[in-house]
Amino acid sequence: MNIPADLKYTQSHEWVKQEADGTVTIGITDHAQEALGDIVFLELPEPGRLVKAGQECAVVESVKAASDVYAPLAGEIVARNEDAIGAPESVNQDAYATWLFKLKPANLADLAGLLDAAAYEKVASE
Amino acid sequence: MIQRTPLYDSHLAAHGRIVNFADWEMPINYGSQIEEHHAVRQDAGMFDVSHMLAIDLTGGESQAFLRHLLANDVAKLTVPGKALYSCLLQEDGGVIDDLIVYFFTETHYRIVVNAGTAEKDLGWMQLQAADFAVNLKPRRDLAMIAVQGPQARERFWTAFPASRAASEALVPFQAAEWNDWLIARTGYTGEDGFEIAVPATAAIAVWEKLVAAGIRPCGLGARDTLRLEAGMNLYSQDMDETQNPLESGLAWTVDMKDAGRDFIGKSALAGRREQGKLQAFLGLVLLDKGVLRAHQKVVTAQGEGEITSGSFSPTLNQSIAMARLPGGVAPGDLVEVAVRDKLLRAKVVKPSFVRHGKSLI
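Protein sequence lines correspond, in order, to chains A and B.
Position one of the first sequence corresponds to residue 7 (our numbering), numbered consecutively onward.
Position one of the second sequence corresponds to residue 1132 (our numbering), numbered consecutively onward.
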């Protein structure tokens, strides 16, 4: 299973990368994209939107089904990946290179509550 | 009980992603559903359809039995091997299943029904058969493979050159026996091809020969987007016991021509027709970005309707759907579909989007 060790994860199959500028970058895991199949549409949150931890804030649609993406931390959306909106299949091609949105956490310390790679591997194996 | 077809190990070996479909462990795809879809539109793909059930019908009153049992009229079948699509109805006109019936003689037919409804269908048929001199024999000893696409027949003949003479002259919706196989020029994709029934014991060897001839294994995912593009109904989604064929885009399969033929559901359908204000069953093409899905609400000038099947069309590169809409809605109308918290714009079209690789919209 492709689960990079330097990222954090959620139970709901998002990956979270801590950036140097105090923001975090979010996408869905390789396991999630594989389960969804061919992705054909992304609905991503507008920058400026405030989200709570665990709140639905994006939708990934494959040919098969629509799947919600949840905010891993509370905070403000600061960017979304316009290139990915134009080429949703890039999530299938590289789920970790194709980020979905960036968020400025209300409290960066909340990151510590997310899963590490070993813990996520257990979630993904269930 | 979870069941497996004779080809289960071949699906695993080809890295099929296995899902539970109507209590059968079936491949949803072998990697990319979209690539499998394109293979069928552009070249040749094949599907394991062994989960469907073939039922052989024999006996002196076989034709009379089917003329009573089915909404379409098997009396139309006079050429050996010719096939007919029909609904199996309840007395109230609700659809028990849709099926294909092959004619061999007036005392010998084969019926092929859906996997999820097979036991229900067989029980219903046996109940109705009590008054007729017929015998129904389920054929779980067979495996069935659908080979579909513009190159499907050529590649099939490459794999089995000796079958060519028996199957080359078949017209669409016609089958021929070849040794202990049945080769039918039918399918569920809107492309040319064959559906073959072979002894289950031969299934893996047949599948491997077809792979070697360049036919790509395709899963249920591609089967669904292909049939949706072709405007073909899916039982339990587009119609079921609570819906009649007249309001499911299947009026063309209900044959009322012979006033002397009394089939199950006939009086209910005649009554429904008399009552009028039939709902329309039409296609939708999404004009905004997004994906249409079953059960989404459709807002029209005539009132609300509902999507019965929706997905992304790999051929058209946009989302399409089939929908049950208020009477009076017609192709060309603009409607709105409720997708999460938004209303998206869609155009009403005839429910047939792609045939033989070409867009119809």
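For glycine and all other residues, C-beta sits at the position ideal for the given N, C-alpha and C.
Please classify B/Thr-1332: is it buried, with 16 or more other beta-carbons within 10 angstroms of its beta-carbon, or exposed?
Around the beta carbon of B/Thr-1332, fewer than 16 other beta carbons lie within 10 angstroms, which makes this residue exposed.
The alpha helix (DSSP H) enclosing B/Glu-1322, as first and last residue numbers
Premise fails: B/Glu-1322 is in no alpha helix (DSSP H) and is neither H nor E.
Looking at C-alpha atoms only, which residue of B/Ala-1477, B/Phe-1291, B/Gly-1212 and B/Leu-1351 is the closest neighbour of B/His-1508?
With chain B covering only 1132 through 1492, there is no way to say anything about residue 1508 of chain B.
Minimum Cβ-Cβ distance from A/Glu-67 to chain B less than 8 Å
Put simply, the CB of A/Glu-67 is near chain B, with a gap under 8 Å to one of its CB atoms.
Using only the alpha-carbon positions, how far apart do B/Leu-1413 and B/Ile-1438 sit?
Straight-line Cα distance between these residues: approximately 9 Å.
Give me whichever residues DSSP pairs with B/Lys-1420 in a beta bridge.
In DSSP, B/Lys-1420 forms no bridge with anything.
Are B/Val-1430 and B/Leu-1474 touching if we call contact CB-CB under 8 Å?
By the CB criterion at 8 Å, B/Val-1430 and B/Leu-1474 fall inside the cutoff.
Starting from the beta carbon of B/Asn-1113, find every residue of chain A whose beta carbon is closer than 9 Å, and list them in chain order.
The shown model of chain B, from 1132 to 1492, leaves out residue 1113 of chain B, and the question about it has no answer.
Backbone secondary structure at A/Asp-74 - three-state DSSP:
Residue state, collapsed to three classes: strand.
Quick one: using the 10 Å Cβ neighbour count with 16 as the cut-off for buried, is B/Glu-1322 buried or exposed?
Per the 10 Å Cβ criterion, buried.
Between B/Leu-1409 and B/Lys-1213, what straight-line distance do the alpha-carbon atoms span, to the nearest angstrom?
For the pair B/Leu-1409 and B/Lys-1213, the Cα-to-Cα distance works out to about 32 Å.
Short of 6 Å in beta carbon distance, which residues of its chain neighbour B/Asp-1223, apart from the five on each side in sequence? Order them along the chain.
Excluding sequence positions up to five before and after B/Asp-1223, its CB lies within less than 6 Å of the CB of Ala-1399, all in the same chain and listed in chain order.
Could you tell me the distance, in whole angstroms, from the CA atom of A/Ala-103 to the CA atom of A/Glu-62?
Computed Cα separation, rounded: 22 Å.
Interface flag, A/Ala-72 vs chain B, CB-CB below 8 Å:
Yes, contact with chain B.
Please report the residue range of the alpha helix (DSSP H) in which A/Glu-88 lies.
Counting along the chain, the alpha helix (DSSP H) containing A/Glu-88 begins and ends at 88-92.
For the alpha helix (DSSP H) containing B/Ser-1298, name the first residue and the last one.
Counting along the chain, the alpha helix (DSSP H) containing B/Ser-1298 begins and ends at 1295-1298.
Using a Cβ-Cβ distance under 8 Å, would A/Glu-107 count as near chain B?
Before going on, a small fix: residue 107 of chain A reads as Phe here, not Glu. Not closer than 8 Å to any Cβ of chain B, the Cβ of A/Phe-107 fails to qualify, so no.
For A/Asn-98, the first and last residue of its enclosing alpha helix (DSSP H):
Note, A/Asn-98: alpha helix (DSSP H), 96-99.
Rounded to whole angstroms, what's the CA-CA distance from B/Thr-1117 to B/Phe-1325? Just pull it up for me.
Residue 1117 of chain B is absent from the structure shown; chain B starts at 1132 and stops at 1492.
Using the Cβ count rule (16 or more neighbours within 10 Å means buried), how would you classify B/Lys-1489?
Around the beta carbon of B/Lys-1489, fewer than 16 other beta carbons lie within 10 angstroms, which makes this residue exposed.
Please identify, using Cβ separations under 7 Å, the residues of the region 1158-1176 of chain B that lie next to chain A, in order along the chain.
Those residues of the region 1158-1176 of chain B that come within reach of chain A (Cβ to Cβ, closer than 7 Å) are Asn-1160, Ser-1163, Gln-1164 and Ile-1165.
Could you list which residues in chain B have their beta carbon closer than 7 Å to that of A/Asp-44, in chain order?
Within chain B, the residues near A/Asp-44 are Ser-1163, Gln-1164 and Ile-1165.
Does the pairing of the region 21-32 of chain A with the region 106-119 of chain A give three or more beta-carbon distances under 8 Å?
Three or more Cβ pairs drawn from the region 21-32 of chain A and the region 106-119 of chain A lie within less than 8 Å of each other, which places the two stretches in contact.
For chain C, is any of its Cβ atoms less than 8 Å away from the one on B/Ser-1367?
As a matter of chain content, chain C is missing from the structure shown, whose protein chains are A and B.
Say whether chain A places a C-beta atom closer than 8 Å to the C-beta of B/Arg-1295.
Put simply, the CB of B/Arg-1295 is far from chain A, with every gap to its CB atoms at 8 Å or more.
Quick check on B/Gly-1391: buried or exposed, where buried means 16 or more other Cβ atoms within 10 Å of its Cβ?
It is exposed - the Cβ of B/Gly-1391 has fewer than 16 other Cβ atoms within 10 Å.
Who are the Cβ neighbours of B/Asn-1310 in its own chain at under 7 Å, not counting the five residues just before and after it?
Exclusion of the five residues before and after B/Asn-1310 leaves no residue of its chain whose Cβ lies closer than 7 Å to its Cβ.
Where A/Gln-39 sits in the DSSP three-state scheme:
Assigned with DSSP and collapsed to three states, A/Gln-39 falls in helix.
If contacts are defined as beta-carbon pairs under 8 Å, then A/Val-129 and A/Gln-39 qualify, I think. What distance do you get, rounded to the angstrom?
So it is not a contact: roughly 15 Å between Cβ atoms.
Would you decide whether B/His-1426 is buried or exposed? Buried here means 16 or more other CB atoms lie within 10 Å of its CB.
That one is exposed.
Neighbourhood of B/Ala-1264 by C-beta, 6 Å cutoff - its chain only, sequence neighbours within 5 removed
Contacts found: Gly-1190, Gly-1191 and Glu-1192.
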